[in-house]
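Trainee: Position one of the sequence shown corresponds to residue 1 (our numbering), numbered consecutively onward.
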Amino acid sequence: MVSGCSHSPATSSSEPSHQSIGSSSRPRSKPPAAAIASAHPLATQAGIEILERGGNAFDAAIAVASVLAVVEPSGSGLGGGGFWLLHRARDGKQVMLDSRETAPLAAHRDLFLDENKQVLPGKSLDGALAAGIPGVPAALVHLSKNYGQLPLTTTLAPAIELAQHGFLLDEHLLKLMRFRQKAIQTSPAAASIFLDHGKVPGSGTRLVQTDLAHTLSTLAKQGHDGFYKGEIAEKLVASVKHSGGIWSLTDLARYHVIERKPIAGDYQGARIISAAPPSSGGLVLMETLNILNGYALNQLDRATRKHLIVEAWKRAYRDRAEYMGDPDFVNIPVERLLSQNYADALKTTIRNDVALPSQYLAAPQAEIQQGNNTTHFSVLDKSGNRVAATLSINYPFGSG
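1. Could you give the residue range of the beta strand (DSSP E) that holds threonine 250?
2. Should arginine 386 be labelled buried (16 or more other beta-carbon atoms within 10 Å of its own) or exposed?
3. Do alanine 138 and glycine 245 have their C-beta atoms closer together than 8 Å?
4. On the DSSP bridge list, what partners appear for tryptophan 84?
5. In whole angstroms, what separates the C-alpha of leucine 252 from that of serine 392?
6. Measure the C-alpha to C-alpha separation of serine 29 and threonine 153 and round it to an integer number of angstroms.
7. What alpha helix (DSSP H) runs, 4 residues minimum, are completely inside the segment 211 to 247?
8. Quick check on this structure: which residue in Thr250, Ser279, Thr304 and Asn293 has the alpha carbon closest to the alpha carbon of alanine 345?
9. Residues in the same chain with beta-carbon distance under 8 Å from serine 280, minus the five sequence neighbours each way, listed in chain order, please.
10. Looking only at C-alpha atoms, which of Met96, Ala65, Glu287 and Pro104 sits nearest to leucine 42?
11. Whose CA, out of Asn298, Tyr295, Gln299 and Thr288, lies closest to the CA of arginine 318?
12. Within 10 angstroms of the Cβ of asparagine 331, are there 16 or more other Cβ atoms? Answer buried if so, exposed if not.
13. With burial defined as no fewer than 16 other Cβ atoms inside 10 Å of the residue's Cβ, what is the status of lysine 347: buried or exposed?
14. In the DSSP assignment, find the unbroken alpha helix (DSSP H) run with phenylalanine 194 in it and report its ends.
15. Counting only runs that start and end within the segment 257 to 327, where is the beta strand (DSSP E) found for 3 or more residues in a row?
16. Which residues bound the alpha helix (DSSP H) around threonine 154?
17. With the cut-off set at 8 Å, would you say valine 70 and glutamine 209 are in Cβ contact?
18. Measure the Cβ-Cβ separation of isoleucine 50 and leucine 150 and say whether it is below 8 Å.
19. Please look up how many angstroms separate the CB atoms of leucine 283 and valine 334, rounded, as I've assumed it's under 8 Å.
20. Return the residue from the list Lys235, Ile309 and Leu68 that minimises the CA-CA distance to leucine 356.
21. Check whether the Cβ atoms of proline 134 and glycine 80 sit closer than 8 Å, and answer yes or no.
22. I'd like the list of long-range same chain contacts for tyrosine 342, defined as Cβ closer than 7 Å, with 5 residues on each side in sequence excluded.
23. Would you check if the distance between the CB atom of alanine 389 and the CB atom of glycine 55 is smaller than 8 Å?
24. Is it buried or exposed for arginine 100, if we count other Cβ within 10 angstroms and need 16 for buried?
25. Near alanine 264, which residues of its chain fall below 6 Å by C-beta distance, leaving aside the five closest residues on each side in sequence?
26. Could you check whether leucine 173 and proline 201 sit closer than 8 Å to each other, using their CB atoms as the reference points?
27. Check valine 330 in the structure and name its three-state DSSP category.
28. Would a C-beta distance cut-off of 8 Å place alanine 57 and valine 257 closer than the cut-off?
29. Drop a sphere of 10 angstroms on the beta-carbon of phenylalanine 329, count the other beta-carbons inside from all chains shown, and report buried for 16 or more, exposed for fewer.
30. Do threonine 102 and glycine 132 come within 8 Å of each other at the CB atom, strictly closer than that value?
31. Between which two residues does the alpha helix (DSSP H) harbouring serine 66 extend?
32. Check for me: the alpha helix (DSSP H) holding threonine 44 runs from which residue to which?
33. Where glutamate 171 and serine 203 are concerned, what is the direct C-alpha to C-alpha distance, given to the nearest angstrom?
34. Return the chain-ordered list of same chain residues with a C-beta closer than 8 Å to the C-beta of leucine 113, the five sequence neighbours on each side being excluded.
35. Short of 7 Å in beta carbon distance, which residues of its chain neighbour leucine 207, apart from the five on each side in sequence? Order them along the chain.
36. Do serine 248 and proline 104 have their beta-carbon atoms positioned less than 8 Å apart in this structure?
Structure follows, in structure tokens:
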């Protein structure tokens, strides 16, 4: 489900057009002064309200992300992390904020293996051992301090209000609750919030999250240390350890957002800025487009066009499985993967008349899971500031 909303003080884009899309006689509409697209209308509306109060795209992104943490807890939250691609209009600065979760200091390579070195099913997904040190709260503070115009007490206000007074559950969220019901039931704290006497509530039930409201309020007033030190940090560590996890106060205190240089490339005259490692998205996107560069896709029949795109994806995702990792610990050959010469070499392995089975590609293929455990939103303000954020909690409703 994707809800988009544009905001323009001069023109309205909400009136429907009765002309068909692609009609050559359709009048051009004036681009909106600002636009927001997110996975929930309440989050989009919160972002618009912040823009109307004089905030910029970065302020609006804080509002959108924090409201999503309240109304879309299946896809993101204060316990998760993410990547934020920023463009600051006044100086053209392009930067990626890396606020992904980090492993606790006590983590080790055999954490999810039994005494026979066999993988323990589900241990990396469910339970306290699966929980990483959260990055979203730090990102909200970093955005506000370094790029925003309004205080956190203003930008977090919509989320605090919704957490304190609740919102009505829709069928989309209830479906995901039913999917993860067993995991939620294993956590008394989560069950007390999301379940009604151990069962998923009915549609239209109001979900109130007073503890989340308190956490957001503390973050708004105290900033980074309000979450990563003090009362909240102590409660988080105690709760995780009680459930069998390995967090420490040091893990939380040492967490910080990393600013990274984004991936950049060109495709058919367009300049593309995308996420850098440890995100794999930017490299996969640009490698795919580099492979496709030179094909006149719009002049090919539909079947051939799709065939070429899929074959390009296969090769890019092959490299994803082979080379991607955390750049703080793994040497990723970014320049090579972005090289047009490398893409041209891969292109020579594509045949128009044969779909190469993935198992015949040279590198091993890792399982790639896509699901409802991630959210994405985009914000554009009237000054040209832009935010594209992808936030995640690893699995629907996190680790429980």
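Glycine included, each C-beta is placed from N, C-alpha and C at the ideal position.
Mentor: The short version:
1. Counting along the chain, threonine 250 falls outside any beta strand (DSSP E), though it belongs to the alpha helix (DSSP H) covering 249 to 253.
2. buried
3. no
4. Leu97 and Ala389
5. 18 Å
6. With a pLDDT of 49 at serine 29, under the threshold of 50, the modelled position of this residue cannot be trusted, and the question is left open.
7. 224 to 228 and 230 to 242
8. In this structure, Asn293 is the residue among Thr250, Ser279, Thr304 and Asn293 with its C-alpha nearest to the C-alpha of alanine 345.
9. Arg320 and Met324
10. Ala65
11. Answer by Cα proximity: Thr288.
12. exposed
13. buried
14. 188 to 194
15. 258 to 260, 263 to 267 and 270 to 274
16. 152 to 155
17. yes
18. yes
19. 7 Å
20. The candidate whose alpha carbon is nearest that of leucine 356 is Ile309.
21. yes
22. Arg336
23. No, they are not a contact pair.
24. buried
25. Only Ile273 meet the Cβ criterion.
26. no
27. coil
28. Result no, Cβ atoms of alanine 57 and valine 257 do not sit closer than 8 Å.
29. exposed
30. yes
31. 57 to 71
32. 41 to 52
33. Distance between the alpha carbons of glutamate 171 and serine 203 is about 6 Å.
34. Val119 and Leu120
35. Gly166, Phe167 and Leu169
36. yes
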